[in-house]
Amino acid sequence: MNRKQKRILLLLISAISVFFISFFTYLGNASAATTSDSDVSETSSQTSSNGANDGAVTNASATTDVNANTTANSDESATTSPDPNETEIANSQLSTSAAEDGMVLLQNKNGTLPISTDDSVALFGGGAYGTVKGGTGSGNVNPRKTVNIWDGLKDAGYQIKTDDYLTGIAKDYDTQNAAFAKSHPMMGTFNYADPQISQATFDSAPADVGIYVLSRNAGEGADRTDTKGDYEITNAELNNIKNVAQKYNKSILLLNVGGQVDTKFIDQIPDLDSVLLVSQGGQNTGVAVADLLSGKVTPSGKLVDTWANNYSDYPASATFGANDGNTEKENYTEGIYVGYRYFDTYNVTPHYEFGYGLSYTDFKVATNSVSVNGTNLVTKVTVTNVGNKYSGREVVQEYYSAPKGTVDKAFQNLAAYAKTDVLAPGQSETLTMSFPIYNMASYDTATSSYIMDAGNYIVRVGDSSRNTDVATVLNLPNKVTTEKLSSEMAPAVDPTVLHGSDNTYVPANQVAELASAPVINLDSSSLNMVRGNNASTIDENAVTTIVNKNSTPKLPTTDLDQTIVSINAANGSSLKDVYSGKITMDQFIASLSTKQLSQIVSGNLVMTAKQLASTYNMMKNGMDSVSSVDSSDPDTASALSIIGSASTQVPGAAGQTTGELKNRGIPVSVNSDGPAGLRLTPESKVNGQTRYQYATAWPIGTLLAQAWDPQMMYKVGDAVGKEMKEFGVDTWLAPGMNIHRDPLNGRNFEYYSEDPLVAGVSATAITKGVQTNPGVGTTVKHFFANSQESSRQTMDAEIGEQAMREIYLKGFETVMKDAQPEYVMSSYNQVNGQYNAANFDLLTNILRGEWGYKGTVMTDWYNLKSLSDPASMMRAGNDLIMPGGTQQALQIAATNAADGNKLALGDLQKSAESVLNTIMKTYTFAQANNLTAKSITPYDVDSIMTANGASW
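The C-terminal residue of the sequence shown carries number 955 in the working numbering, and the numbering is unbroken.
In structure tokens, the structure reads:
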């Protein structure tokens with residue numbers, strides 16, 4: 004079997020897998036789980052709450068019928084008015100602004116852009132009609148309206164000369180898309196193949212400007228490929244772009260893509276004037292494009308990834324995903340050298356460097372001062388618009404280079420960034436950036452600590468990673484340890500092969516600049532152990548179990564060091580009693596049975612043991628594992644008839660906590676997919692009455708990060724939080740923040756960047772924005788190293804400790820310390836031979852012991868470990884299993900089961916306590932108890948950098 008055949012097989016298995024995930028989700032609607040143990044045998048029927056979700060996404064219909072008798076609060080989570088309200092209108096406008104801020108001007112010969120709305124336009128490419136607003140899968144959103152580029156330009160006043168051509172393209176596009184949807188009923192990513200444009204078409208469309216839209220789409224469940232029509236452009240596309248460039252006086256290429264594509268062809272078309280990376284801008288992509296092309300808004304986005312000359316230039320390209328024929332094992336041989344860290348350290352010239360982006364105007368960036376304030380480095384930079392025609396915004400980026408020493412070092416690392424306001428010609432603004440000096444430390448695996456080697460630390464300031472000037476040199480006289488940790492999740496053998504290079508990229512003027520640069524002598528003693536000893540002190544072998552003084556509980560046997568605490572259980576109490584201080588949480592927990600505890604730590608979907616086993620086999624082995632399912636079973640037929648219908652609480656929401664314990668004051672808490680907005684069913688019927696919940700489709704995560712504007716991302720998060728409260732959603736399954744290790748990850752569009760600082764600050768800004776709305780919160784995902792979609796349920800990423808700490812964990816660490824998100828979602832994959840979802844080192848020692856995380860950990864949907872061994876997940880610190888289905892297994896494991904798969908009752912109680920503590924913070928809990936909800940983000944959070952007085 005050749006590589007192409009293997010890829011086709013993988014895609015086929017992925018599509019079939021997703022179908023059966025959804026199949027069993029809905030099968031759980033019709034069936035109730037029971038157990039034979041007397042303590043847990045009274046399991047009642049529950050219905051599934053998830054339509055499309057993070058782990059299994061269906062092509063849900065736009066409307067659904069809901070019976071109000073089984074839909075709690077459905078009339079509170081939607082409106083009966085078909086008209087947009089103030090929130091929807093305001094959020095639509097913000098979505099447009101966010102898209103405009105993050106689109107990147109890559110080329111603009113002869114000042115071709117902007118173009119007047121008086122110019123006639125010949126618009127080509129399937130993406131002009133089928134503009135991709137965002138990728139597919141759980142990140143897809145159903146807004147009221149999506150504006151494509153064709154409509155956006157027409158609405159802006161441009162005279163489109165190719166309407167006949169585009170009408171034909173639209174018809175062909177719709178036909179192919181419908182056929183694709185029919186053959187991929189559950190999940191898939193449609194990409195339209197542009198036909199070659201005929202000479203007659205060009206002859207019939209004389210115009211002032213020729214524009215070609217190159218589109219790509221990708222999504223959950225499958226990785227991209229280094230082939231024509233994906234990473235590479237097709238022959239037809241190349242010929243079309245060449246012809247547009249040759250036949251029109253002004254030519255523009257619009258890249259409607261969610262991630263990197265091959266762009267070296269641009270240099271091979273000398274007549275091509277301008278290239279604008281429009282990315283995937285959400286529901287108003289067409290509006291944003293028109294505003295930028297017309298000059299109503301000046302582009303100010305910068306790349307958050309390195310765009311290479313060749314795909315093979317990326318360090319992981321040879322082995323990524325299916326490229327080496329092995330999707331089950333991925334050795335991260337590049338270590339810390341990811342993205343620009345690799346290109347700069349190994350002196351590989353990119354096509355467009357990290358941080359690159361042009362404007363319609365020019366800016367002068369001048370460093371005024373660099374100073375040390377305590378343990379922070381403070382830099383003041385004045386930016387002046389030196390153009391004479393256009394206003395615009397500029398991004399200032401600060402990098403540092405650490406001296407060589409005892410551990411691997413990249414040539415440079417991003418330390419801080421800030422963005423100006425809109426500056427008119429001649430106008431200036433002074434930006435102030437600061438970051439803790441100890442952020443320049445590197446992780447030393449030999450001592451399990453962060454260290455700073457003695458020597459000179461060069462600080463540079465500029466507008467891209469390869470356009471900087473030396474601002475200062477920091478001299479550290481002695482090596483220091485800034486933070487002590489302990490070894491966690493270490494691989495048996497470190498797979499790292501790359502350890503740096505002596506032939507690095509060197510900025511052109513560096514020698515002269517260093518000769519005249521100011522030198523700041525650092526105080527080693529002020530930095531030594533400045534972060535302290537944060538090694539986790541949590542005992543992995545200890546468990547505390549709470550029992551009722553007035554009972555003789557039958558506890559499961561355990562090899563753990565068990566401490567039993569006897570208290571007076573508060574039988575008949577409510578969760579509000581805990582909130583108000585009438586009783587303690589321990590008293591409430593002691594009053595709950597193992598059945599009730601198991602319900603709390605599981606989503607409300609219930610599955611039989613047979614369904615659970617079949618789902619596990621299918622997820623692990625593919626289509627052959629579901630052969631035992633009886634398709635003639637009436638429950639199966641019923642489930643198939645309702646695939647794509649909405650959830651029981653908020654139509655279309657991904658999942659919810661149990662509704663079986665309302666009599667104990669535990670309300671249902673709903674979560675909705677993301678991260679491009681709330682994935683909900685836009686129209687539903689409750690008792691025959693139509694209700695509406697149109698959510699905003701925001702730009703993809705990568706585009707938002709390309710704005711380099713945390714304040715804007717905070718506003719987006721705030722807007723999402725307002726929609727959540729309006730629709731009855733407590734938890735948003737976003738932001739996604741895995742590192743862009745390689746361009747071919749099918750889900751990169753959901754994530755922010757190849758750089759952990761950009762990823763961490765972006766997630767912090769979004770989370771703070773959402774959680775500024777009292778009682779609603781985010782779910783940071785996928786924790787961690789979810790760098791590929793191929794074999795995502797089983798694959799093992801082998802990563803060295805330094806790369807884990809500095810690259811793949813760093814962004815998560817930032818948002819945990821700086822924003823305290825409501826939830827963390829553990830990922831499917833393994834790291835160094837152990838599933839993340841059942842890894843005590845990750846979920847307890849690192850997350851809670853080292854970082855001080857106070858929230859709750861949930862699984863991704865249908866995680867293999869939750870299907871096969873949910874007890875191990877409770878032990879590790881994975882508190883909430885979504886979308887459910889494991890209540891029965893947990894109940895058995897927490898009693899004297901004979902199979903040896905035992906769960907300490909204390910672990911079950913600990914997870915239930917975590918879930919209940921989070922529920923008490925929700926808007927839903929506050930509403931149910933006439934309380935005032937509070938922001939989930941506390942006031943005393945950390946900060947990895949500040950920009951213009953705002954801490955992130």
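Where is the CB? At the ideal position from N, CA and C, for every residue including glycine.
TODO: Return the residue from the list Asn-194, Leu-845, Phe-928 and Gly-780 that minimises the CA-CA distance to Lys-136.
DONE: Position 133 of the sequence shown, counted from the first residue, corresponds to residue 136. Cα-wise, what sits closest to Lys-136 is Asn-194.
TODO: Please determine, among Ser-445, Ser-452, Glu-235 and Gln-513, the residue with the shortest C-alpha to C-alpha distance to Thr-475.
DONE: Your numbering for residue 475 matches position 472 in the sequence shown. Of Ser-445, Ser-452, Glu-235 and Gln-513, the residue nearest in Cα terms is Gln-513.
TODO: Closer than 6 angstroms by C-beta to Leu-258: which residues in its own chain qualify, once you throw out the five before and the five after it? Chain order, please.
DONE: Position 255 of the sequence shown holds residue 258. Around Leu-258: Leu-217 and Leu-280.
Open item on the list: Let me check understanding here. Comparing Cα to Cα, which of Pro-428, Leu-434, Lys-412 and Val-550 lies closest to Ala-419?
Closed with: To locate residue 419, count along the sequence shown from 1; it is residue 416. Per the Cα distances, Leu-434.
Task: Host alpha helix (DSSP H) of Lys-579 (start-end) - done: In the sequence shown, the residue the question calls residue 579 occupies position 576. First-last of the alpha helix (DSSP H) with Lys-579: 578-582.
Task: Ser-528 in three-state terms, based on DSSP - done: Residue mapping note: residue 528 aligns to position 525 of the sequence shown, counting from 1. Of the three classes helix, strand and coil, the one that applies to Ser-528 here is helix, per DSSP.
TODO: Decide if the stretch 828-837 is in contact with the stretch 785-803; the criterion is three or more beta carbon pairs, one per stretch, under 8 angstroms apart.
DONE: yes
- [ ] Would you decide whether His-502 is buried or exposed? Buried here means 16 or more other CB atoms lie within 10 Å of its CB.
- [x] For the purposes of this step, residue 502 is identified with residue 499 of the sequence shown, where counting begins at 1. That one is exposed.
Open item on the list: On the criterion of 16 or more Cβ atoms from any shown chain inside 10 Å, does Ser-452 qualify as buried, or is it exposed?
Closed with: Within the sequence shown, numbered from 1, the residue matching residue 452 stands at position 449. It counts as buried.
TODO: Classify Glu-337 as helix, strand or coil using the three-state DSSP reduction.
DONE: Along the sequence shown, one-based indexing puts residue 337 at 334. Coil, per DSSP.
Open item on the list: Run through the DSSP bridge pairs and tell me what Phe-786 is partnered with.
Closed with: Against the sequence shown, residue 786 aligns to sequence position 783. DSSP, once it has assigned bridges, lists Ser-829 as partnering Phe-786.
TODO: Measure how close the beta-carbons of Gly-284 and Ala-102 come, nearest whole angstrom, since I'm counting them as under 8 angstroms.
DONE: The residue given as residue 284 occupies position 281 in the sequence shown. The residue given as residue 102 occupies position 99 in the sequence shown. Going by Cβ atoms, the distance from Gly-284 to Ala-102 rounds to 3 angstroms, so yes, they are a contact pair.
Task: Entirely enclosed beta strand (DSSP E) segments - the stretch 871-936, minimum 3 residues - done: none
Task: Presumed contact (8 angstroms Cβ cut-off) between Tyr-215 and Val-247, rounded CB distance - done: The residue you call residue 215 lines up with position 212 of the sequence shown. The residue you call residue 247 lines up with position 244 of the sequence shown. Yes, Tyr-215 and Val-247 are in contact; Cβ-Cβ is about 5 angstroms, under 8 angstroms.
- [ ] Give the DSSP-derived three-state secondary structure of Ser-320 in the structure shown.
- [x] On the sequence shown, residue 320 is found 317 positions in, with the first residue counted as 1. Coil.
- [ ] Just grab the DSSP bridge partners of Asn-459 for me.
- [x] Walking along the sequence shown from the start, residue 459 turns up at place 456. Beta-bridge pairing links Asn-459 to Asn-478.
- [ ] Indicate whether the contact test is met: 3 or more Cβ pairs, each with one atom in the stretch 328-346 and one in the stretch 748-764, closer than 8 angstroms.
- [x] yes
Open item on the list: Classify Glu-89: buried if its beta carbon has 16 or more other beta carbons within 10 angstroms, exposed otherwise.
Closed with: As a first step, residue 89 is located in the sequence shown; it is residue number 86 there, counting from the start. By the 10 Å Cβ count, Glu-89 comes out exposed.
TODO: State buried or exposed for Val-522, treating a residue as buried only when at least 16 other CB atoms are found within 10 Å of its CB.
DONE: By one-based count along the sequence shown, residue 522 stands at place 519. When all chains shown are included, Val-522 counts as exposed.
Open item on the list: Rounding to the nearest angstrom, what Cα-Cα distance links Ser-790 and Ala-841 in this structure?
Closed with: Counting from 1 along the sequence shown, the entry for residue 790 is found at position 787. Counting from 1 along the sequence shown, the entry for residue 841 is found at position 838. Near 18 angstroms, if we compare the C-alpha coordinates of Ala-841 and Ser-790.
- [ ] Assign Tyr-942 to buried or exposed, taking buried as 16 or more other Cβ atoms, counted over all protein chains shown, within 10 Å of its Cβ.
- [x] Position 939 of the sequence shown, counting from 1, holds the residue named residue 942. Answer is exposed; the Cβ neighbour count stays below 16.
Task: Sufficient close CB pairs (3 or more, under 8 angstroms) joining the stretch 808-817 to the stretch 732-746 - done: yes
TODO: Would you decide whether Thr-684 is buried or exposed? Buried here means 16 or more other CB atoms lie within 10 Å of its CB.
DONE: Start at 1 with the first residue of the sequence shown, and residue 684 comes out as number 681. Thr-684 should be labelled buried.
TODO: With Asp-447 as the anchor, note down where its beta strand (DSSP E) starts and where it stops.
DONE: Mapped onto the sequence shown, residue 447 falls at position 444. Its beta strand (DSSP E) spans residues 445-447.
- [ ] Pick helix, strand or coil for Asn-259, following the three-state DSSP scheme.
- [x] On the sequence shown, position 256 is the one that residue 259 refers to. Strand.
Open item on the list: Strictly by DSSP, which residues pair up with Ala-710?
Closed with: As a first step, residue 710 is located in the sequence shown; it is residue number 707 there, counting from the start. The partner list for Ala-710 (beta bridge, DSSP) is empty, contrary to what the question assumes.
Task: Residues of its chain near Phe-786, where Cβ-Cβ distance is below 7 angstroms and the 5 sequence neighbours each way are ignored - done: For the purposes of this step, residue 786 is taken as the residue at position 783 of the sequence shown. Result list for Phe-786: Phe-815, Val-827, Met-828, Ser-829, Ser-830 and Asn-839, in chain order.
TODO: Could you tell me which uninterrupted alpha helix (DSSP H) segments, each at least 4 residues in length, are contained entirely in the stretch 538-606, listed from first to last along the chain?
DONE: 578-582, 588-593 and 597-603
TODO: Between the Cα of Ser-100 and those of Leu-563, Ser-601 and Leu-707, spot the shortest distance and give me the residue it belongs to.
DONE: As a working mapping, residue 100 is identified with position 97 in the sequence shown. Nearest C-alpha to Ser-100: Leu-707.
- [ ] Check whether the stretch 181-190 touches the stretch 120-127, counting contact only when three or more Cβ pairs, one atom from each stretch, lie closer than 8 angstroms.
- [x] no
Task: Sub-7 angstroms separation of Val-144 and Arg-694 beta-carbons - done: Against the sequence shown, residue 144 aligns to sequence position 141. Against the sequence shown, residue 694 aligns to sequence position 691. Their beta carbons are not under 7 angstroms apart, which means Val-144 does not touch Arg-694 by this criterion.
Task: Inter-residue spacing [alpha-carbon to alpha-carbon] between Asn-113 and Pro-273 - done: Looking up residue 113 in the sequence shown gives position 110. Looking up residue 273 in the sequence shown gives position 270. Answer to the nearest angstrom: the Cα atoms are 12 angstroms apart.
Task: the stretch 357-369 in contact with the stretch 312-324 per 3-pair CB rule at 8 angstroms - done: no
Task: Chain-order list of residues whose beta-carbon lies under 8 angstroms from that of Ala-538 (same chain, five-residue window excluded) - done: Sequence index remark: in the sequence shown, residue 538 carries index 535 (1-based). The residues are Ser-451, Lys-487, Leu-488, Ser-489, Gly-852 and Glu-853.
- [ ] Ignore the nearest five residues each way along the sequence and tell me which others in Tyr-926's own chain have a CB closer than 7 angstroms to its CB.
- [x] For the purposes of this step, residue 926 is identified with residue 923 of the sequence shown, where counting begins at 1. Excluding sequence neighbours, Tyr-926 sits near Lys-728, Asp-733, Pro-777, Gly-778, Val-779 and Ala-936.
Open item on the list: DSSP three-state label for Asn-956, please.
Closed with: As shown, the chain starts at 4 and ends at 955. That puts residue 956 outside it, with no answer to give.
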